[in-house]
Each structure stands twice: as structure tokens, then as C-alpha cells.
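J.: Residue numbers (our numbering), protein chains in the order written: chain A, 18 to 398; chain B, 18 to 398; chain C, 18 to 398.
Beta carbons are placed, not taken as given, at the ideal position from N, Cα and C, and that holds for glycine.
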């Protein structure tokens, strides 16, 4: 396999000298996924924690979501132990009632309400089956910064969604998603291959070179390629005929993965000269997955994931089976990354050694560093 | 509701600027409840921890309680794993035997006993169904400072007693007991009312104004009032006829609650001109509760409580039911206060906002501050 | 009992002023027991932790054990989640494969291997049923420093072996083994005696004076004595006739106990003038136990132990019973020492009071201090 000079340098210099971000502050001026919309049925209140900040969500009379700081200004009881009353949320310790802007609107036994009786209110948006929250300065909470996940709104797909809680820093999960070379090794069983066997290794190329060929995006990284039929993902429904496979995985700040694998008739790759297929190419079928990584605390992370085979491509039973395979791979990631976090915390101060496949995660970290640098402490509210 | 000028100021200044005492040192020169006397049956040894100090208690041959530091001077094995031998307590690791004053009285295989082989001995008193311990300077351990809880000795009552262990600083439980306005909200279900409904709110006045009308005592605070029949506590036995209700709640350092609610014939309140009823007034029945809060460690607290309906006022079955209601309210407090502690610890350095009902807890904190200030470090032993 | 002047001084000065070693660094240039050989069946990998260092062990194709740092140099995934491939160990996160010297020998998707892709390799030896590891400077890993435990290789014994995990610093377990006076008290039930009763106390002498009569060895301490038949250990098989009993217990750095109790015909003690019996004396039977204490982390310790009655001395059923008694005493030690550790950690900075029996543990600590002092930080690798 070719080893371009600039990658070599990465290996010996930039990668090998990289400090781990598992103790860096979190970006605040960004939209985080706080949950699948389906987690917020009824009026609530719902208790969540994002980047170490306890948040209570509830639905107003008209169904719209409200997000407040989950801490009564009076005696710091959690408002998530409170009660939704119309558009308001009442603390059920001493009865302080809050409006959607976080200001106290009523207190038992006291007419005059001190201005200090207020909590933070956060911008919150329901979009693409996800609920998004902005914990930074609300003045710059631009909803156009929410990634376009319209693919989650395609009603001709059969959607599966779930989440896992990690005992690990979210950047380790980002690393995992920014370098898919691990699929060939960690998930070899799910893929039905055995790493280290000659027959298997030739098939692993697109995976193991994935991270090394990452390209920068404005707010993330992209890995895309035409791959031969030998690399057909076992997540592609059987009904989809053989052909040329196009895969694209975007990984966007702060931790959103958009992965699509499409099948085209043999010869399409050549016709496209290795470039991405245009809309004029006839697609034979596809599989997609949207995933999101949300830091809960420095060592706790929520991992949201989905799978969306097209109804036309697979019966429910086959689709259910694909979802099971996906859940197994996520269990493998969970075990490995939590173990990795433990080793990291037991050895503070050491440095990791770099490999070529780290290119993707290095590029992504640079994106996160820029976003963090752009946040002056004053701009953070 | 009236808002006197001085309370307003409290709201905006004193209360709002109040630093939390959850990280302050504990008062040592004071009697703490170490348990209900009934917890110390047999000779022991019994292991307890009070203000972070492990204590072992045992009964001498004559039944009198002894309290020693729970740490053998030799190799620091806990003496609570030891054995009572007559008036002495033997460490069961290497056999060092201690007398009631904490001095070693015998060692296996060694005639000469070094003076350093001794542990602290604490004044301990059994009174009013409680066992009290003094962890500070024994030279100033004045038993007249034990609050008069003679009401616990009245043998015409049917006593119920219990305890709960909190994962919270004891001052948060003190706050809870020094401002009973929370009863209207947190315990609305136990009271059969719904806060926020017009019908209910008129009944809540005496509760919600409770903390705001607290009066200072020498070593605590008092809230007392004549309240209308609408405020009849559901803890008052049914057999007690309607009338004017007199309630008094004293909350005494370091954390003893003495609460009594009495029924008098209609017109007694007016006859007394709002002042406390004298012994010449005929009482129709009552209900009482004595409670005590003992810090175990900065984030662990033992909460002791009792209920004492008079045998004449209620059959055993009804009394049992009242006790069940009380246990339910204590479970509500436990959940709320532990959650509150967690929020406080997750947000160090912030300040709480004050309300008028905080007056009681502010007064009580001032008492505790004075007691702490009066303890020169040298006076602490 | 006699109290020689020098022991008195120990009691009042050296012992009483002794600082606890529970926060001292661990000696690294020494052989630690990492497990019973029987724990490492198959090729592995096996995950262990010794003096806070995670280690992965595996068996090469020829069965020889290899020990590597349990942390992939690339992204710090634990290699113990990896896979043994012939003589090599592959990390199953991204596929980095290591040789027995800890150098990367293969990487997927990358021909050039950076020198930084390596992990530490530790000297490891299988000897006397134990696996020994050297975590310090490998250049001075002299296998002749492994204690001679040839007694564990005697095939005419029926061996029992086990291990316990302690939540305590390993020096507290060393203290326990360096002063066997605790047997008379902590294990009185297992011994069928009651400490404090006149009849029993006369029998306890050899135990309680054990620590006080310890003699220094080059790398440990020794307690040996002829004891009267009243002190016959209940671990001696019944078939062994009465006689003069010779006991010797060596406790060797970093924590290896070699204990043997032998029976000789009446009169042998006198014939030997109190000195150890020579090979010309006819032995009637014996019992032995080898034990080892290995620090896992500052508050975690692995305790390995064995019992080896001779096949000729006891049927299997009786032997099984002796082993059960031993397990009961170890449960008593575990409870006491873990409680002791908790008390120590709750009272940082205090000093323990000394007794005469501490002589053994003081001598042993001096050995450990010398070994630690001999390790210049530079010599540690």
C-alpha cells in the first residue's frame, strides 16, 4: 500500500505528538443532540445532562419543547422533580413556578418576586427526529448550523433508532467514528472476516485506509470512495444486486455521523472516473445510518444511532436482522472504548503513538479546536 | 399576603447573598443524638459515626453506656470488631483491652503498658429515649444543654420511632425542618391537597408563611400560631373534635425538632388574644413529633423521627395509619434533599436566591454560626 | 513474661514513632508473584495488575509465558482485549500486532512501522507453582533473587492453593504475617481457644511472643522456636503423634511467607539445646504453608496462599478439613484488615502506638525501606 510522504510525517510528528483531548473543555456554541424526539412523549418534565449541565425539558400546552436549567434558583432542588402546569414548570420543593424564559412567574406566600429567582433557558429545536439544544450564548444560536439530516425524514425507509450511555469521554467515540479502519478488526466477527488471514486482508483495504484518506470539510471530515464488490457491507440488504459500491461517511462537529452506502450498476465507477456519482446515475439500493455523540460529562457520553434500510430493499424480518448486527457492533465499541478510557485515566501524561489511519481523527480534532478557539469566554454567556 | 419591609430586605439582601453551609465545619461542643436507646440492646459493641468520627458504644456490666473512639491505638483496627469483657472492651486483632476511660488495661504477652495505648472516651447520656453523645471538649459537656424532650417520656402516648440515612449534608435537612412551607408543596399528596388550585391555596397560608414568621430562641427558632380548622393536620386523630388549633414547632441546635399541634374548644384563640394557650385552657387532644438530625459525615446524615398520638385519642390501627403517612412524607423529603445535594455539589461556588420563607432557616443558621464561633480550636480538646 | 530492656525502648520510641508505609512507593526491582501457574492455562491473553501497572500475559506457541504492558501504544486500548496469534499478540481495536519484546511487528494498511509503536516487555518466570514478574529495570532482573520455595515442588504433599483480593494496602497484610501474635486473638475460634481465659492464656505464649522474638534475615525476618505440645497447631494432622514441636516462619521481601511446623520425638528439643533440629533428627510429621502478598494498587492487594499436608500424614478428607479451617482464618484476616485500612484512610496523619510484638513488622519494614532506598529513580528503567 502506498505511503505518501505527507502521511509519513503525520505518523512520526503530528500524530505521535498529539495530546489527548479527553481533558479539554467542551464547545458550547454548537447544537448538541439531546435525544431522539420520541424520548420526549407527554409533557414531562424530562431530566437530561449535556456537557455537565443538568437540563430539564418539558412540553408547553401547544407541544413545543422548552429547556431550562435543571436547578431551582431558590434552594437548588432539581426542577425535573417538579410539575408541568400549562406552559409553566413548578418546583415541587417550595413551589416556585417558572415560565418558558426561566423567570419565576409565581411564588406561594409571597407577592413580590425577586429578580434573582430565575434559571437559564436554552434554545431547543426539534428537527430530523432529533431534539437539538444550544448550551452556549443564545444570541448566536443559529438553527442553520444544525446539520442537514433530511435523510432521517424519508418516509420510504424503515427506521431503527437507539442509544447507549458510555463511561468515556466523547472524543474517544468521535475518534472511533472518524477512523473506520477499526471496523476490520474490532468488528471482524460481525463482518464474518478474520483479520490476519490472507484472504481477508485484501478485503480490508477500504476500511483500513479509510482514516488515512479523510478529507476536511468546513465543520467536519469526509471519507468517500468507490469500492469493489468484495467490500459489500453485510448491512446492505440481500435483494440489492451486485455492482459498484459508493460509500460516503461525513463526520460533523460536534459528533454527527452521516453514512451512506449505495449500489450502482457495474461500470458506474469507471463512468464517473472515480468521482462521486451524480443524480443521473441509476442507484440500485442503499443503506444509511445517522449517528450522534453527545457529551454528558467528562467521562459520560450519550451515543445515538439509527439504521434506515429502504422498505423496497428489505422485508421487516431482514431489516430487524441488520439492526441486530448493528447493535452487536455497538456493544463491541462500547466495551473497547470504555476499557480504553480506563487505561488513559490510569496513565495521565503519556502520549499516544500515531499511525497513518489517524489522519481522519486528527483532521476532526483540528475542527473542534478551531470551534473552541472561536469561543471567547465572554461569548459563552 | 403582607410583606413587611424588613422581610423584603431579607429577600433581596441577606437571603440572596447567603453562602451555603454545606462545607462548613461541624459544631463539636454540643450534644448529638447518636441513636434511639432501643438501638443499643445487649452489651454491644455498637459501631456509629458522628461528624466524621467513628465511635464504638458498649454497655458495662451495670448497663451504663460507654462511648470510645472506634480505633485501637495499636494498629487502628476498629474496636467495634472487638468484644465486651465485663466493663472492658478488647480489640480482637491483637488483644489490647481498654477500660471505660479509654486507657489500655491489659495486653497479651506484655506486662508494661505504654501510655500511648489509649483511645478517646466520650461523654454519653441516655435520656428521653435518645442516646446523646458529646464529641467536643469533655470538660464543658454540660448535660443541662440536652433539650428537654420530656414529652418523649409520657407513658400515655403510643410512640413510633424510626430513622433514615441521608446522602446529604445535615444542614439541608435542618433547612427543610426550619421552613415548613415545603409541606404544602412537597407533601401535597400526603396532605390530600393540590398546590396551585385556588381551593387549596387558601388553606396553605399557615404553612407557606411558617418560615417567614420564625422567632429566634436562645439555641434555636420557634414558629407558633393559632390556625383555623381548615388547616387541621391529617396527622390529628379523627376522634379529636373540631376547634381552634394551636401549633408550635421549635427547632433547636444542632438539629432537634419539637413539634406539637393541640386542639382547643372554639373561641379559645380569641380568648387568648392570639397568644399561646395557658395551662388553664382545656385541651381536646393533640399530636406530637420529636425529630433529630445528626451529621454522620459531610455528605451522610442520620435522621431520627417519632410520632406520639395519645392512647386516648386513637386506637392502634388509626395510629399505625398516621405513622404510615409520616413515613411517606419522609420518603418524599429524602428523595428531594438528596437530589438537591447532588445539584449543589455539581455547581460549586454559586449562590442561592432567597425568598421570604427562608427567614426561619437564616435565623437557625445564625444560631449555628454563633455556636461554631464560640468554639476556639483550643477548646475543642 | 520477661520484658528485655531493648524491647521496652522499641515500645516507647521506635514503634510508637513509626509512620505508616501505606502511602509509600512500592519497590520495583523485585520479583512479585503475579499468580499461581494454574491461573494461566491456554494461551491467554490474561489481564493482571501489579503495583498499579496493567500487565497482559500470554503463552507463546512453545508454552512459555510473555508479559507485556497492557496498553496498546497506538490508542491505548488494553491488549488483554486482544488476540494471541502464534508468538504474537494483536490489539483487536485497530490491529497493531506485537512481538514478545513489545515491538510492533505488523500493522494493517501501513508498511512502515514507527519506532514509537512499542510497549514494555517484562521478565516473567514460572517457578515453584508460582508465576513471578519483574516490573523494575530488566537489566538487573536476577532470577536467583526468587525465594527458594522448593517445598512447593514436593510431590509427596497434597497441595491446596487459593487467593483473595483485598481492598487494602499490601503492607497491612505484610504486618499481619510479620506478627503472628494476632493468631491467638483474631483466630481464637479457629484455634478453639478463648483469649482472656486463664486456661487459654498459658497456651498463647508462643503466638503472642512471636513478633517480639523475630530475627532479621538478609531480605526478610525469621521467627523460630521449640514450643510445648500445648501449642500443637490444629492444622497438624491427627495421625502425627505427640512430641516436641519445632516451628519456623520466614517472611521474605516483598511478601512471601514460608511457614513449617514439624513434630519430633519427645526430648528432641532438649537434645538440640533449643537450636534448630538438624537433618539427623527423625521428624514424625509436618505441615507447611507458602503464602505471597502482591500489591495490585495502593488499596488493592492479591493474597496467595497454600497448604501442603503430606499424603502420608492425612487422608484427603482430613486434609480438606484443614484447608477449610485455613480459609476461615483468611476470611477473618480479610474482614479485619480491610476495616483497619478504612480507619487508617479516615484518619490521615495520625501515628500508631507500638507494642513489643511489633518487632517483627518493624524489622520487615526496615528491609523494605532498604530495598526501596537502593532503587535510584534512574535504575527503575
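1. Under the three-state reduction of DSSP, which class applies to residue 87/B: helix, strand or coil?
2. Would you grab the beta carbon distance between residue 330/A and residue 256/A for me? Rounded to a whole angstrom, and I think it's under 8 angstroms.
3. In this structure, does DSSP put residue 246/A in helix, strand or coil?
4. Any beta carbon of chain C sitting closer than 9 angstroms to that of residue 111/B?
5. Would you identify the three-state DSSP class for residue 351/C, choosing helix, strand or coil?
6. Check whether the stretch 114 to 122 of chain B touches the stretch 134 to 143 of chain B, counting contact only when three or more Cβ pairs, one atom from each stretch, lie closer than 8 angstroms.
7. Are the CB atoms of residue 253/C and residue 303/C nearer to each other than 9 angstroms?
8. Roughly how many angstroms separate the alpha carbons of residue 167/C and residue 76/B, rounded to a whole number?
9. Per DSSP, residue 232/C is paired with what?
10. For residue 261/B, is the classification buried or exposed, using 16 other Cβ atoms within 10 angstroms of its Cβ as the cut-off for buried?
11. Can you pull the chain A neighbours of residue 360/B, defined as C-beta to C-beta under 9 angstroms?
12. Could you tell me the boundaries of the beta strand (DSSP E) in which residue 70/B lies?
13. Can you check DSSP and say which residues form a bridge with residue 105/B?
14. Measuring only between beta-carbons, confirm whether residue 371/C sits less than 9 angstroms from chain B.
15. For a contact defined as C-beta to C-beta under 8 angstroms, what are the partners of residue 170/B on chain A?
16. Pull up the distance between the alpha-carbon of residue 68/C and that of residue 183/A, whole angstroms please.
17. Determine the chain A residues that contact residue 318/C at a beta-carbon separation under 8 angstroms, and present them in chain order.
18. Going by DSSP, which residues form a beta bridge with residue 307/A?
19. Whose C-alpha, out of 95/A, 306/A, 58/A, is nearest the C-alpha of residue 143/A?
20. Along the stretch 111 to 126 of chain C, where does the CB come closer than 7 angstroms to a CB of chain F? Name the residues.
21. For the alpha helix (DSSP H) that residue 57/A lies in, which residues bound it at each end?
22. Show which residues of chain B have a CB atom less than 8 angstroms away from the CB atom of residue 207/C.
23. Please confirm if residue 330/B has its CB atom under 9 angstroms from at least one CB of chain A.
24. Can you tell me whether residue 151/C is buried or exposed? The criterion is at least 16 other CB atoms within 10 Å of its CB, across all chains shown.
25. Using the C-alpha atoms, what's the distance from residue 354/C back to residue 190/C?
26. Could you tell me whether the Cβ atoms of residue 72/A and residue 99/A are closer together than 9 angstroms?
27. The alpha helix (DSSP H) with residue 51/C in it runs from where to where?
28. What separation, rounded to the nearest whole angstrom, lies between the Cα atoms of residue 7/A and residue 351/A?
29. By the DSSP assignment, the alpha helix (DSSP H) with residue 377/B in it spans what residues?
30. Would residue 225/B count as contacting chain A if we go by Cβ distances under 9 angstroms?
31. Straight-line CA distance for residue 156/A to residue 388/A?
32. What is the residue span of the beta strand (DSSP E) that residue 266/B lies within?
33. Which whole-angstrom value describes the C-beta separation of residue 274/B and residue 307/B, a residue pair presumed to lie in contact below a C-beta threshold of 8 angstroms?
34. Taking Cβ positions, are residue 131/A and residue 201/B nearer each other than 9 angstroms?
35. Give the interface partners of residue 7/A over in chain B, defined as CB-CB distance under 7 angstroms, in chain order.
36. At 7 angstroms on the CB atoms, spell out the chain B contacts of residue 203/C, in chain order.
T.: Inspection of the coordinates gives the following:
1. In this structure, residue 87/B counts as coil in the three-state DSSP scheme.
2. Rounded, the Cβ-Cβ distance is 6 angstroms, consistent with contact.
3. Here DSSP, grouped into helix, strand and coil, assigns residue 246/A to helix.
4. Yes, residue 111/B counts as interfacial toward chain C.
5. For residue 351/C, the three-state secondary structure derived from DSSP is helix.
6. Counting Cβ pairs under 8 angstroms, three or more are found: they touch.
7. Cβ atoms of residue 253/C and residue 303/C: closer than 9 angstroms.
8. In a straight line, the C-alpha of residue 167/C is about 52 angstroms away from that of residue 76/B.
9. According to DSSP, residue 232/C bridges with 239/C.
10. Looking at its Cβ environment, which holds 16 or more other Cβ atoms inside 10 Å, residue 261/B is buried.
11. From the beta-carbon of residue 360/B, the residues of chain A found nearer than 9 angstroms are 71, 87, 88, 89, 93, 94, 95.
12. Residues 70 to 76.
13. Beta-bridge pairing links residue 105/B to 102/B.
14. Chain B, which has a Cβ nearer than 9 angstroms to the Cβ of residue 371/C, makes this yes.
15. By Cβ distance, chain A contributes nothing, its closest Cβ being about 35 angstroms from residue 170/B, past 8 angstroms.
16. Between the alpha carbons of residue 68/C and residue 183/A lies a gap of roughly 28 angstroms.
17. At a beta-carbon threshold of 8 angstroms, none of the residues of chain A lie near residue 318/C; the nearest stands roughly 17 angstroms away.
18. 275/A.
19. Minimum Cα-Cα distance from residue 143/A among the listed residues 95/A, 306/A, 58/A corresponds to 58/A.
20. Annotation note: the requested chain F is absent from the structure, which comprises protein chains A, B and C.
21. DSSP places residue 57/A in no alpha helix (DSSP H); its state is neither H nor E.
22. Under the 8 angstroms cutoff, chain B gives no residues; its nearest Cβ is about 13 angstroms from residue 207/C.
23. No - not a single Cβ of chain A is within 9 angstroms of the one on residue 330/B.
24. For residue 151/C, the number of other beta carbons within 10 angstroms of its own is at least 16, and it is reported as buried.
25. Taking the straight line from one Cα to the other gives about 7 angstroms.
26. Taking 9 angstroms as the Cβ cut-off, residue 72/A and residue 99/A do not qualify as a contacting pair.
27. No alpha helix (DSSP H) holds residue 51/C; the beta strand (DSSP E) holding it covers 48 to 53.
28. Outside the displayed span of chain A (18 to 398) sits residue 7/A, for which this structure offers no information.
29. Looking at the DSSP string, the run of the alpha helix (DSSP H) that includes residue 377/B is 376 to 390.
30. No answer about residue 225/B holds up, because its pLDDT of 46 lies below 50 and its placement is not dependable.
31. Using only the alpha carbons, I get a separation of about 17 angstroms.
32. Residue 266/B -> beta strand (DSSP E) spans 261 to 269.
33. Contact between residue 274/B and residue 307/B is confirmed by a C-beta separation of about 7 angstroms, below the 8 angstroms threshold.
34. For residue 131/A and residue 201/B, no; Cβs fall outside 9 angstroms.
35. No answer is possible for residue 7/A: it lies beyond the span of chain A, which begins at 18 and ends at 398.
36. Using a Cβ-Cβ cut-off of 7 angstroms, residue 203/C is close to 109, 110 of chain B, given in chain order.
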